[in-house]
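Asker: Here the sequence shown is numbered in numbering that gives the first Met the number 0, starting from 0 and rising by one per residue.
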Amino acid sequence: MKGYFANRKMRGTLFLAACFFIAWNWAGCSAETLIVEGPPKFLNDVDMPNRSLAFGFIDTAGLQVSVEWVTFELFDTPAGSLSLKAHVKRGLFFLENLVPGSYRVASSGGHFRGKYCQRSLRCKYPVTYGLPPNLRIFRFKIEREGIFPLGAARATSPTVESEAPKSVNMQRISHPPEHEMIRQILPYAKGTAWFGRLEARLDMLKRENR
0 MKGYFANRKM RGTLFLAACF FIAWNWAGCS AETLIVEGPP KFLNDVDMPN
50 RSLAFGFIDT AGLQVSVEWV TFELFDTPAG SLSLKAHVKR GLFFLENLVP
100 GSYRVASSGG HFRGKYCQRS LRCKYPVTYG LPPNLRIFRF KIEREGIFPL
150 GAARATSPTV ESEAPKSVNM QRISHPPEHE MIRQILPYAK GTAWFGRLEA
200 RLDMLKRENR
């Protein structure tokens, strides 16, 4: 009888340990649950005149880092530099209702998973890296309202694949093209004035490519 209760206690302990492991895994260590689920369903509507939208794409496949957040910097304002968080969807980033001023993409980040730890629960962790301040890619100035395509770039780093990047640089790439980026943004612009503006931009690109 004593052995029965001892075994039962052991089974209970193992069961609790298994539940704890599953909950811990689900809470933050699973590769599936660490991915940010993209931007909000709709962009904010244009509520004031002279507002702009900017978008671009960052490819980080060679860094083993997903793109889950991108930060714009609006500099030379009376209040100093301001940080603005963009919407992000699988490397595509976009931000609406930008006021006139000088901007750059200041930082990006996601969750790192090295080449040699694809199946490890502890190997994926958040990484944020700043872009070089003198980088001309993803730097732009808004003087009048409009849509500003920033193009696409590939993030590179001297860091080996098994380590998280400590610094990055950007190289221009041609894919995805502007029209593909706009098509990805359109579902998030439904119900706002941005939808019509983006469609007009898409129509213009179609006419130019005929």
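Here a beta-carbon is modelled for each residue, glycine too, at the ideal position from N, C-alpha and C. Computed from a predicted model, the values in this text were never measured in an experiment.
Whole angstroms are fine: how far does the CA of Asp46 sit from the CA of Gly190?
Answerer: Cα to Cα, the separation comes out at about 13 Å.
Asker: With which residues is Asp58 paired in a DSSP beta bridge?
Answerer: Paired residues: Arg153.
Asker: Do the stretch 91-108 and the stretch 172-190 make contact, defined as three or more Cβ pairs closer than 8 Å?
Answerer: Yes, the stretch 91-108 touches the stretch 172-190.
Asker: With a threshold of 7 Å between beta carbons, is Leu204 in contact with chain B?
Answerer: The question asks about chain B, but that chain is absent: this structure has only one protein chain.
Asker: Lys84 to Met203, Cα distance in whole Å?
Answerer: Cα to Cα, the separation comes out at about 29 Å.
Asker: By how many angstroms is the C-alpha of Pro132 removed from the C-alpha of Gly195?
Answerer: The alpha-carbon atoms of Gly195 and Pro132 are separated by roughly 34 Å.
Asker: Let me know if Ser82 comes out buried or exposed under the rule of 16 or more other beta-carbons within 10 Å of its beta-carbon.
Answerer: Ser82 comes out exposed.
Asker: Measure the C-alpha to C-alpha separation of Asp213 and Glu142 and round it to an integer number of angstroms.
Answerer: Residue 213 lies beyond the range of the chain shown here (0 to 209); nothing can be said about it.
Asker: Report all residues from its chain with a CB closer than 6 Å to the CB of Tyr102; omit the five preceding and five following residues, and keep chain order.
Answerer: Closer than 6 Å at Cβ, skipping near neighbours: Phe71, Leu73 and Phe139.
Asker: In whole angstroms, give me the CA-to-CA distance for Ala154 and Arg206.
Answerer: So the alpha carbons of these two residues sit roughly 32 Å apart.
Asker: Please name the residue, chosen from Phe137, Ile172 and His110, that lies closest to Gln63 on a Cα-to-Cα basis.
Answerer: Ranking the options by Cα distance to Gln63, first place goes to His110.
Asker: Mind checking Ile257: buried by the 16 CB within 10 Å criterion, or exposed?
Answerer: Residue 257 is absent from the structure shown; the chain starts at 0 and stops at 209.
Asker: Quick one: using the 10 Å Cβ neighbour count with 16 as the cut-off for buried, is Arg89 buried or exposed?
Answerer: Under this definition Arg89 is an exposed residue.
Asker: What residue range does the alpha helix (DSSP H) around Gln183 cover?
Answerer: Run containing Gln183: Glu177 to Ile184, per the alpha helix (DSSP H) assignment.
Asker: Among the residues of its own chain, which have a CB less than 7 Å from the CB of Gly108, if the five just before and after it don't count?
Answerer: Cβ within range, chain order: Glu67, Trp68, Pro125, Val126, Thr127 and Tyr128.
Asker: Determine the direct distance from the alpha carbon of Thr59 to that of Val35, and round the result to whole angstroms.
Answerer: Low local confidence applies: a pLDDT of 38 at Val35 is under 50, so the model's placement there is unreliable, with the coordinate-based value given in what follows. Roughly 15 Å between the two C-alpha positions.
Asker: DSSP three-state label for Asp75, please.
Answerer: Strand at Asp75.
Asker: Can you list, in chain order, the residues of its chain with a C-beta nearer than 7 Å to that of Pro99? Leave out the 5 residues immediately preceding and following it.
Answerer: So the qualifying residues of the chain are Asn49, Ile141 and Glu142.
Asker: Give the DSSP-derived three-state secondary structure of Leu97 in the structure shown.
Answerer: Reduced to three states, the DSSP call for Leu97 is strand.
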